[in-house]
Structure formats: C-alpha cells, structure tokens
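For what it's worth, the working numbering labels the leading residue of the sequence shown as 360, then goes sequentially. In this text, a Cβ means the ideal position worked out from N, Cα and C, and glycines have one as well. Worksheet for the structure shown next.
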Amino acid sequence: MTFRHRHLLGIEPLHPAEITNVLDLADRYVDLSRAPHKRSDALAGLTQINMFFENSTRTQASFEIAGKRLGADVMNMSMQASSIKKGETLIDTALTLNAMRPDLLVVRHPHSGAVNLLASKVNCAVLNAGDGKHEHPTQALLDALTIRRAKGRLHRLTIAICGDIAHSRVARSNLILLGKMENRVRLVGPPTLMPSQIGEFGVEVYDDMAKGLEGADVVMMLRLQKERMDGGFIPSEREYYHRYGLDSEKLAHAKPDAIVMHPGPMNRGVEIDGTIADDINRSVIQEQVEMGVAVRMAAMDLLARNLRSERDTNTEGTMV
Ligand code: ASP
Numbered sequence: 360m361t362f363r364h365r366h367l368l369g370i371e372p373l374h375p376a377e378i379t380n381v382l383d384l385a386d387r388y389v390d391l392s393r394a395p396h397k398r399s400d401a402l403a404g405l406t407q408i409n410m411f412f413e414n415s416t417r418t419q420a421s422f423e424i425a426g427k428r429l430g431a432d433v434m435n436m437s438m439q440a441s442s443i444k445k446g447e448t449l450i451d452t453a454l455t456l457n458a459m460r461p462d463l464l465v466v467r468h469p470h471s472g473a474v475n476l477l478a479s480k481v482n483c484a485v486l487n488a489g490d491g492k493h494e495h496p497t498q499a500l501l502d503a504l505t506i507r508r509a510k511g512r513l514h515r516l517t518i519a520i521c522g523d524i525a526h527s528r529v530a531r532s533n534l535i536l537l538g539k540m541e542n543r544v545r546l547v548g549p550p551t552l553m554p555s556q557i558g559e560f561g562v563e564v565y566d567d568m569a570k571g572l573e574g575a576d577v578v579m580m581l582r583l584q585k586e587r588m589d590g591g592f593i594p595s596e597r598e599y600y601h602r603y604g605l606d607s608e609k610l611a612h613a614k615p616d617a618i619v620m621h622p623g624p625m626n627r628g629v630e631i632d633g634t635i636a637d638d639i640n641r642s643v644i645q646e647q648v649e650m651g652v653a654v655r656m657a658a659m660d661l662l663a664r665n666l667r668s669e670r671d672t673n674t675e676g677t678m679v
C-alpha cells in the first residue's frame, strides 16, 4: 500500500491513489473499532505526543483514541500550561520534545504554516491536526470516508461547502481533496466570507443558498469562526441564519437523498438548524466523528510503516 510521505501536513501533496489507500485502510479500522476487542499492535513500541496549541475536543480525543487502539504510548501535552507561557519559542519546544525521541507528533497550531516549520526540525513523523486557516488534512480525509460510505463513491458528486469559507482550514483541505477526486465543488456563502484567491481552485462560487444547493449530493456546513475574524464580516447572527443557516426550506433545494455534514463544533441556530443536525435520515455528523478515529488510525499506521522502513534502511547504512 503506497503512501510515500514522511509527514501528513496537508492534502495538497497527496496523490489521488494515496487518498484512496488511506480510506481503504480506514475502512478496515472502522471494522476493528466496531469489534468488541478494539486492539491492534500496529503502533506498539512507538510514542505519540499530541501537542495542541489551540483548543480542541474531538480532534484531540480522536487522535488519542486512535493511537491507543493501535497500541502506541500516547501522551497529551497541555500547551496552555507549557513553557510556551514562559516565552519558549515553538522551535525550542519542538527540539526539546524531539530529544525525548517521539515517533509521531500530532500538532495543532493557530498559525498557518507553523506545523510545517515544526516538521522541518524534528526526526519523527508529524501530523497536522489543523494549522490556522491553512489545512486540516485528517478532517478532509474523514469527510471523504464519510461521503464514500454514504454515497458509494467519491467522484462525480456535487458538493456544496457552505458558510465561513474564508477562515476555514476544513473548507480548504476539503476543496483540494474533493477536486483531486474529480467532484464538482461549490462554495456557498456571503462574499465577505469568501477568500480572495478563490479563483485559483476552479470551484463554483454562490452567495445564494437556494442556487448553491440546487441538486447537491452533499451539503457541508461550516462554523462561523469568530475567533479568526478581526472585524464585522456579518451584519448579525440572526441575519446570517436567515440567509445562510441550513434549515429544511433551504435543504429542499438539494437532492432528496443529500447528506448533511458539519465538522463540529456546531453553532445550532447560527449555521445550522438543530433539528436538521439531529435528523438521522439526513445528517451524518455522528458518522463523521466515528470515521475520524478510523482515518487517524490509518494515517498514523501508514506513517509509522514509512518511519520503520526508513529506520531499517538507515541502520543498514544505506541512507534514504
Ligand atoms: N474543528 C474544525 C477545525 O478545527 C472546525 C471548526 O473549528 O470549526 O478547524
């Protein structure tokens, strides 16, 4: 199974066949996770450190469960309480941790590019758990797995990604992945929440939900990321919900069997109506969380295989 990467920093460098490989392996890990004995030794003897410089509930828990299910020794570093507070730089923290010889570093950071920088300073595999507005590769992979399982395929689908696109690393990683797999991607939201370089991605852009959702197979809602906004991007939450919040009236424009997704955390009554989020016939939000664990197991397993073969080669003296 090929996955020729030292790190998982983004979707951008991945080949479509590599994406398919991650998803195929993740399917197997869904089965393992549903079994009464949820244990493999794929990461046995390896140390995984989770470093979250930004708050997280599901992603951190998901990486922790994934590592433990594969037998890794998992440690969560609370970066709020760390030496960063005492003025240590990101690089010094990375070098200190590197000296403890971890094998997998899972990093979330509020600045775009910070995880790539860190990866260039350490000897282990680094997984990006979200960096600023840049990428969130495991989220896009878990979304892809959810779509593939719900729709039976991951190509030639019409997918509407709706809401705060400008501040969303989830939107960015998803539109790259879904484009690579030859889907029709639409971005729907107010012009103030569209990134300026959107033309580069070859997607369709709509500022009207009815038009943007017309005939869609998948409706992916995004959270309004107020923590990344430095001004008035929307008139009011009430007005935003009225125009862009997903309710049954707007959803009626999508295909009758369209699925509804949201990466969480959700603001009910702001970007999505609570009854739609809870409607098990339309919403796959809980499946997304389940697929998250399986995808993270697959990604860490593949990176660990590469790490082991790189180390074996180095021990034999032939450098890679
Ligand atoms: N949990 C996702 C992220 O970390 C989406 C969000 O926060 O809205 O980017």
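ILE524 is a Cβ neighbour of LEU552, given a cutoff of 8 angstroms. Taking the Cα positions, GLN498 is about 29 angstroms away from GLU447.
Assignment of ARG507 by DSSP, reduced to helix, strand and coil, places it in the helix class.
In its chain, beyond the 5 residues on either side, VAL381, LEU384, ALA385 and TYR388 have a beta carbon closer than 6 angstroms to the beta carbon of ALA657. Ranked by Cα distance from GLY604, the options GLY574, ASP567 and GLU586 are led by ASP567.
Ranked by Cα distance from ASP638, the first of GLY651, LEU534 and ALA617 is ALA617. Annotation for HIS601: no beta strand (DSSP E) segment contains it, though the alpha helix (DSSP H) segment containing it runs 596-603. Out of THR452, THR416, ASN457 and LEU463, the CA that lies nearest to the CA of GLY430 is found in LEU463. Take the alpha-carbon of MET580 and the one of VAL619: they are about 7 angstroms apart. If you look at SER437, you'll find it in the beta strand (DSSP E) that goes 432-437. For ARG664, the closest of GLU494, LYS539 and ALA403 by C-alpha to C-alpha distance is ALA403. Scanning VAL529, PRO550, ASN457 and LEU537 for the CA closest to the CA of HIS514 turns up LEU537. Around the beta carbon of ASN533, 16 or more other beta carbons sit within 10 angstroms, so the residue counts as buried.
Checking the DSSP bridge columns, you'll see MET580 partnered with CYS521.
If you ignore the 5 residues before and after SER415, its C-beta comes within less than 8 angstroms of the C-beta of ARG467, ALA488 and GLY489, all in its own chain and listed in chain order. Taken in chain order, the unbroken stretches of alpha helix (DSSP H) that lie wholly in the region 631-663 and span 4 residues or more are 633-636. With a cutoff of 8 angstroms on beta-carbon distance, MET650 and GLY426 are scored as not near each other. Secondary structure note for GLY426: its alpha helix (DSSP H) is the uninterrupted segment 417-428.
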